[in-house]
Structures are given as structure tokens and as C-alpha cells.
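Below you'll find the structure, written out as C-alpha cells, and then a few comments.
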Amino acid sequence: MAGLLATEFTRADVPELAAQALRLELDLTPKPGLVDRNNSGSHQDMDHRLFLNSIAAITPWFAVFAAAGKNHAQRPAREQLRLLRPMGIACEQAMFTATGGVNTHKGGIFSLGLLSFAAGRLQGQGRTVSADALCREVSEMCRGLVARELAARPQAITAGEKQFRQYGLTGARGEAEQGFATVRQAVLPFWYQEQGERRLHNALLRLMAANRDSNLVSRGGIDGLQYVQTYAAKLLAKGWDSEALRQMDKALIARRLSPGGSADLLAVAWVLAGV
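Just so we're on the same page, this note's numbering is the position in the sequence shown counted from 1, plus 804.
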């Protein structure tokens, strides 16, 4: 990771950036409540090595997603999710095989898979691959996703549906349908204020302060979400160092809180800042 962060990264294609993003997010340490080089955060069923196995299984698929997006570039945006889903499911199965059934990166596969597919689609149409273009394309591809998959059923069955009904949380689907608005508003305008790992830590804190992370609600209810948002906002306001992050890590582990949704969006931020 030091080599990637020592200087400003060079422009790269989206599948390569997605692969970088997963490794950078994993290695960022300390990372409150999350798996990093020091510990397993609030997780008892996963560790750094398991994440490395998962990343090795996942990363070849990003080029597959991009190639599919390019091959189907002339088809309407509303048809793209139907084309992408079987590949996304196959990628998830590769992850589960590598991890022995542990869900390490399902959210990352969804978000980074969409970005890779969208990049191929833009290239297939002869359009420039930029952060704005990627976000617009993902938003168009996912138009109506929240309504179809979270709001449509008369009774909430899945955890995502229950959180949507109770708190209005839309999770990864909502982020995608909104073109990763949380990343664009809370992170990218401040990206170049810092460098190296401090840039990534600041971005993660900004995401934890702004993101309505469904992972936190699953583990700690709405109180758990508010606790993490408030904690992160305070660190950003008063300044922080590595010791402050370690103390936050201990606090989140004690409460079994894991801001996994914000970790996924940090990877998205790396991709969008790199195109």
C-alpha cells in the first residue's frame, strides 16, 4: 500500500482502480470497527487473511463486468441490471467459495461491479469515463431499484425491507440509484486536502459521519448508527490522530458496531477520484 500512496496515483482503468480500492480499504489501519492489519474489528468470523482470499477471488471479475458493459453498450440503460445480475451472483459465489461462506465483500461487489460495468458501457459508446459520467450511468442503470426491491412488497421480509419501512434506509441500492451522492458530497470535495493514509482516514470518517449505514443499524439499531455518526463528526471537528482512531476502534468493538457500508463507499471514492 505504501507504494500506491507515496505519490499521487496515476490514471488507471476502472477495473484496476476497483482492485486497488479493495486492497487499500483492507490495509488502512487503524480502521474503527472494521477488519484491518491490527485486528478483526467487530467481526468474529473474518480476519485480514480471509479478506485477502476474498479479494483475490473477486478482482478478476471487474474486467468481466467492464467487458460486458462494453459489449451491451448500445442497449438501453434500463436493461443493464438484468444483464449484470448473473455475473454479480457468480462473483459472489467465487467470494463465498474463497471464504468458506463468509460474506466479506457483497456490498463491494455490488458497487464496484456497477462502476466497472458502467465504465465499459461508456467506452462502448465512445464517451469519456469520468466520475460524473460513471455516477450518472450507474444512477440510470439503477433507476427505480429502491421502489422495486425495497418498497414494492406489502410486507417487509428481508432486513433491507424492514430497515426501509422503519427508518427509510435505502442502503447500497439507494446509494447506487442516487449516483453515490454521499461520496460525491461528503468526500470528493475534500479529497485533495490530505495525502496518503490520512486522506483515506479522513474520507472514512466523513463517510461514517454522513452515511446512513444499514450495517450499523443491523448490529446496533438506529442508536448504533447515531453513535458512530456523532463520534466521527466530533473527531473531524476537533482533529484526530492515530490514537484517537484506536480509541474509536475499541469503542466500536465494545458495542459490536461495524461501519461496513462506509468501508464500501471508501472503495467507491477511490475509484471516482482516480478516473
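Here a beta-carbon is modelled for each residue, glycine too, at the ideal position from N, C-alpha and C.
Beta-carbon spacing of Ser-1066, Asn-1006 below 9 Å: For the purposes of this step, residue 1066 is identified with residue 262 of the sequence shown, where counting begins at 1. For the purposes of this step, residue 1006 is identified with residue 202 of the sequence shown, where counting begins at 1. No, they are not a contact pair.
Cβ pair Glu-965, Arg-952 closer than 9 Å: As a position in the sequence shown, residue 965 is number 161, starting the count at 1. As a position in the sequence shown, residue 952 is number 148, starting the count at 1. Against a cut-off of 9 Å, the Cβ pair of Arg-952 and Glu-965 comes out as no contact.
Separation of Asp-817 from Phe-866, as counted between CA atoms: Taking the first residue of the sequence shown as position 1, residue 866 is located at position 62. Taking the first residue of the sequence shown as position 1, residue 817 is located at position 13. Their backbone Cα atoms lie some 10 Å apart in a straight line.
Nearest-angstrom Cα separation, counted from Gln-878 out to Phe-985: One-based indexing of the sequence shown puts residue 985 at position 181. One-based indexing of the sequence shown puts residue 878 at position 74. Here residue 985 is Ala; the residue named in the question, Phe, does not match the sequence. C-alpha separation (whole angstroms): 26 Å.
Pair within 9 Å by beta-carbon distance, Leu-992 and Ala-1071: Within the sequence shown, residue 992 is the residue found at index 188, counting from 1. Within the sequence shown, residue 1071 is the residue found at index 267, counting from 1. It is not a contact, given that the beta carbons lie outside the stated cut-off.
For Lys-835, the three-state DSSP class (helix, strand or coil): Here residue 835 is taken as the residue at index 31 of the sequence shown, counted from 1. DSSP places Lys-835 in coil when its eight states are reduced to three.
Continuous beta strand (DSSP E) assignments of at least 3 residues falling wholly in the region 944 to 1016: none
Which of helix, strand or coil DSSP assigns to Ala-810: Residue mapping note: residue 810 aligns to position 6 of the sequence shown, counting from 1. Here Ala-810 scores only 37 on pLDDT, less than 50, and its place in the model should not be relied on; the value that follows carries that caveat. Of the three classes helix, strand and coil, the one that applies to Ala-810 here is helix, per DSSP.
Residue closest to Ala-980, alpha-carbon to alpha-carbon, out of Glu-941, Gly-1000, Thr-962, Phe-869: Translated into the one-based positions of the sequence shown, residue 980 becomes position 176. Nearest C-alpha to Ala-980: Glu-941.
Extent of the continuous alpha helix (DSSP H) to which Ser-1046 belongs: Position 242 of the sequence shown, counting from 1, holds the residue named residue 1046. Element bounds for Ser-1046: 1046 to 1058.
Ser-934, DSSP secondary structure in three states: The residue labelled residue 934 in the question sits at position 130 within the sequence shown. Note: Ser-934 maps to coil in three-state DSSP.
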